[in-house]
Structures are given as C-alpha cells and as structure tokens.
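Read the structure below first, then the notes.
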Amino acid sequence: MSLPKVYYNNDKTSFAFSTCQKRWPIIIQNAIDDVAETVEKSKDEELIDQGKIIQTELLSLKDELTNDGEIKLFNEDSVPGLKSFDNTLQKLGFKITWLTGPWLYLECYLYRKINLFFIKKSKWNNYDIFEKLKRETFKSSSFGIYELAIRYKQLHDEITKIGKEKLDQEALKILFTEFVDISLWGNATDLSLLANATLEDIKSVQGAEARKKSELNILTNDLSKAWDQLINSSTKRVDFILDNAGFENFTDLILTLFLLDTGLSNEVIFHCKTRPWMVSDTMIKDFPILLEDLANIDWFPEHRAEMDFLISQLNKYHKSSHLKLVDHEFWTIDLEYWNINENETQFGGAEVFELLKPSDLIIVKGDLNYRKLTGDRQWLRSTPFVKGIGSLSTNGLKILALRTCKADVCLGLPLGKDEELSEYWRSLGNEVGELWCSSGKWAVISYSDGNLK
Ligand code: F6P
Ligand code: MG
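The sequence shown begins at 0 in numbering that gives the first Met the number 0 and counts up by one.
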C-alpha cells in the first residue's frame, strides 16, 4: 500500500501554514520574554549572562524561521535523540526549510532546538521555559477544578457506601464514559492554542456544561471496545501516554482516581516527557508542582474539604505505587509511533514497546500524540483508524486515543462527515472548510486492539 503524503508547512489549506507563520514565532517570543523575566529577577551574574545568550539565540532562531531558513543537522550525538533528527534530515535530502518542510518533523525539531539552548547552559539546564505559563493557566482553571473535585468526592462517597465489589456493571460503564469524557475534553485546554485565552474562554471549555454540549462533537467513538478490553483483562494495568500538564493532567488524574477507586484498574502508569515539549506537555516534575498548586489556598481558596481530600487520595495512590510516573526519551524525538516495535533498537522504540506490552489499556492523549500515531499523513478522513497506525495495528498493544482535533489528520469518520463539516465550517465564513478539523471543537475516540488480521 502506498502511503499518503505528510502535511507540509507551505500548504495553505493545512493548519501547518498558520502554525508555522504565526504561532511558532509567538511561541519563541514568549520564550524570550520568559527568560527576560527570570533574568530580571535574578542576582546571579552567571545566570544573567547565560540568560542573555539564550535570549540572543532564541531571537536568531525566530529570525531564521520567519526568513524561511534552511534546516541544519544538529550534529549533537551526545544529546539523546538528536541523531534521529539528523538521520531523518538526511533521508529527506536536506533541502528542507522552516516554512516549506514537513510539519510534524519541523514542529518536533523546533522544540528540540529551543531545548538545546538551555541544556548547554549550566545555570539553565533544568529550566522549564513553559513552567510559568503552565502554572498560570492552571491557576486560571479554578472553575473546572472545583467542579471536578466536588464530583470526585461525591462519587468516592457513593462507592464507599455501596462497596466497590457490589458496584453495578452497567452503572460503572456509564461512569467510565463520563470520566473518559472529562479526560478527553481536558485536552481542549492546550496552552499552545490558548496562549491568549481569557478566563471566560478557559471556563467555556472546562465545565460539565461545556462537556455536555460537546458530546455530539465526538465524531467517532470506540469507547465500548476499550471498556470490554479493560473489564475482561486480568491485571488491569492502565497506561497513559500523557499530553499536557495543568488542567488536562488534572483531568487524567480524576480519571485515574475513578479507575483505582472502583478497581477497574489496579495500577496506572503515566508516561511523561523528559524535557519541555510542545509548550505544555507533562514532565515528571510537574506532578509534585500540581499537588503543591492544588494545596495553595491563595490560588484555590474554595471547596477546601474536597480539594484536600483529592490531594490526599493522589498522595495515597502515588506512595503505594498504584500510580507511577515514568519518562522516556522516545517521546521527544521526531519518529512516529509506528516505530514502537521490537525492530526499532536505536532510539527507544523497542524499549517503549517492552514497557507497554504488559499494559491492558494504553490511553494515548491529545493531538500531537495522535499525529504521531497516524504519521501526520493526508489520509482520507473516512479511512479506518486501524489502517493508519502502521505496525501498531498488529503488534498487540491495546490503544485508546482520546483526542480533540487540533490538526489536519483525522481518521475513522463516517462516510460524508468530513464533507458535511467542511461545508458547515465554510458557511461560518472560514475560507478553508477542511480546517474545521484544527479548531479543537470536535473530537475522536479511537481504539485498536493490535490484532488486525
Ligand atoms: O495543532 C496545533 C498544535 O499546536 C500542534 O502543534 C500540536 O499537534 C498540538 O496543537 C498540541 O496539542 P496537544 O497538546 O493536544 O498535543
Ligand atoms: Mg501537548
């Protein structure tokens, strides 16, 4: 089967176009401003000097990008994963430029390039350029956070009253759907898209009311297959390939608490990024920060009983290792997830495969992870999901993708749905109808049992 092309940055009908022209320069500028703020507050001469160098490097990266410079080899073999980028660039035949090259590759390249400036400076090598932004937005999410803390406490009390062994399967399935929905729509809060969002904007995507309204916007839904897989499994281990920190990760934690409290899962493993990534992605260190922030009564003065209960439950499960957090370099390279198999021994694909093999359900969160699952290729949107995920469809991994659509690639839609939504999107005054798929207003829940014949 010949594969469709990937998406390119100079394709005006793709979200790649405005992403590289408008959003990437803003993201770099925000990084420059963040460094400037940290430099300004510091009295450490070395940190200040190095910070100024980083600012200059970021500025020249921004110039290079906006002037459509050519992409160069990293030639940094001692930094994990960068060799993979160089190999790909060589395969692409070098002549790749920022504003014309393959979108997914360049987006990954951009975040690694930014990261390189930091890890080379002794005073900045562990600095998370996006941490302030992650926490600020979390702080602005009190509406959704309170609502979920209250919902969780109420549910926990009910489960305790009934006894988890006596829970009715049908009721559990309905609750499972509710908590998966919470985690799915948590993905609508993505800092790379919400960089200039107001409190009202954030509120409008985070509450139960918003979720209810959005139910019809789930365009394909394989959740009952994932449910069957989970309840029929014996070890009941659930893995999350995480996406964003802050509110989204909070919703993943709410789903986790539900799974552990009800015994639907005995062990949950969070797979995190090893470095700042795609603005707001979760690193291991973001977990204690989230707990600290939830406990901050200046940020979250209300509903303290529910909030403190939630924190104690998270601590309990984390300390008893029912909830574990791990990270791996594989998640921040350019390779698509088709490389998660025993043959990819150079950049961690085989290792990740071994790590995930014992899992009963692998929940893959968010847009970028979905793009990597599907190779970010121009599939017809009615192509079955399992046809677009390479060797993942046959290597036994049980994958559940929860994704709000924020990029072009999309599979598994009913015939005619793409055309219908494109028409609708045009009728709202948008020039390119197909871009409905990058608006974050629709979502897909897709499952693969890894046993496609
Ligand atoms: O599509 C725009 C974008 O910023 C992509 O760069 C990336 O795929 C995605 O959004 C990030 O979203 P998420 O956090 O859901 O992966
Ligand atoms: Mg993300």
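For every residue, glycine included, the Cβ atom is placed at its ideal position computed from N, Cα and C.
To the nearest angstrom, how far is the alpha carbon of residue i from that of residue j?
i: L290; j: K90; result: 44 Å
i: Y446; j: S41; result: 49 Å
i: F129; j: G162; result: 42 Å
i: N66; j: N216; result: 38 Å
i: L258; j: P357; result: 18 Å
i: W330; j: L72; result: 20 Å
i: L198; j: I144; result: Bear in mind that a pLDDT of 47 at L198, under 50, signals an unreliable position, so the model cannot answer this.
i: L81; j: E422; result: 42 Å
i: L293; j: E418; result: 43 Å
i: D33; j: L60; result: 16 Å
i: W441; j: G389; result: 24 Å
i: S233; j: Y110; result: 39 Å
i: Q319; j: E266; result: Rather than Gln, the amino acid found at residue 319 in this sequence is Ser. Taking the straight line joining both Cα atoms gives about 10 Å.
i: W424; j: C404; result: 14 Å
i: T37; j: E301; result: 31 Å
i: G514; j: T344; result: Within the shown structure, residues of the chain are numbered from 0 to 452, placing residue 514 beyond reach of any answer.
i: S437; j: F14; result: 6 Å
i: N295; j: L313; result: 16 Å
i: L192; j: E214; result: The pLDDT assigned to L192 is 43, lower than 50, so where the model puts this residue is not dependable; a value taken from the coordinates is nonetheless given after this. Whole-angstrom Cα-Cα distance: 21 Å.
i: G415; j: G387; result: 19 Å
i: P383; j: P3; result: 14 Å
i: E75; j: I95; result: 19 Å
i: D43; j: W226; result: 54 Å
Measuring CB to CB, does residue i end up less than 8 Å from residue j?
i: L263; j: K235; result: yes
i: M306; j: A148; result: yes
i: G185; j: T250; result: yes
i: Q49; j: K112; result: no
i: K133; j: A244; result: yes
i: L105; j: N9; result: no
i: G365; j: D285; result: no
i: I70; j: L88; result: yes
i: L103; j: F178; result: no
i: I240; j: V363; result: yes
i: I268; j: V325; result: yes
i: W23; j: G68; result: no
i: H321; j: H270; result: no
i: N231; j: T281; result: no
i: L451; j: W435; result: no
i: S83; j: I332; result: yes
i: F117; j: Y126; result: yes
i: V237; j: L360; result: yes
i: I158; j: T261; result: yes
i: F308; j: S140; result: no
i: L391; j: Y336; result: yes
Quick check on residue i: buried or exposed, where buried means 16 or more other Cβ atoms within 10 Å of its Cβ?
i: Q168; result: exposed
i: F93; result: exposed
i: L218; result: buried
i: R303; result: exposed
i: P413; result: exposed
i: I25; result: exposed
i: I27; result: buried
i: T18; result: buried
i: P287; result: exposed
i: G100; result: buried
i: S311; result: exposed
i: L427; result: exposed
i: S279; result: buried
i: T136; result: buried
i: L401; result: buried
In chain order, each alpha helix (DSSP H) run of at least 4 residues that lies wholly inside the segment 274 to 351: 285 to 293 and 303 to 318
Touch test, the segment 150 to 159 against the segment 363 to 377, Cβ-Cβ under 8 Å, three pairs minimum: no
Segment contact, 8 Å Cβ cut-off, at least three pairs: the segment 266 to 280 with the segment 163 to 183: no
Meets three-Cβ-pair contact criterion under 8 Å: the segment 384 to 401 and the segment 425 to 441: no
Segment contact flag, the segment 374 to 389 with the segment 398 to 408, C-beta cutoff 8 Å, min 3 pairs: Judged by Cβ distances under 8 Å, the segment 374 to 389 makes contact with the segment 398 to 408, as three or more pairs qualify.
Inside the segment 16 to 45 only - alpha helix (DSSP H) runs reaching at least 4 residues: 23 to 40
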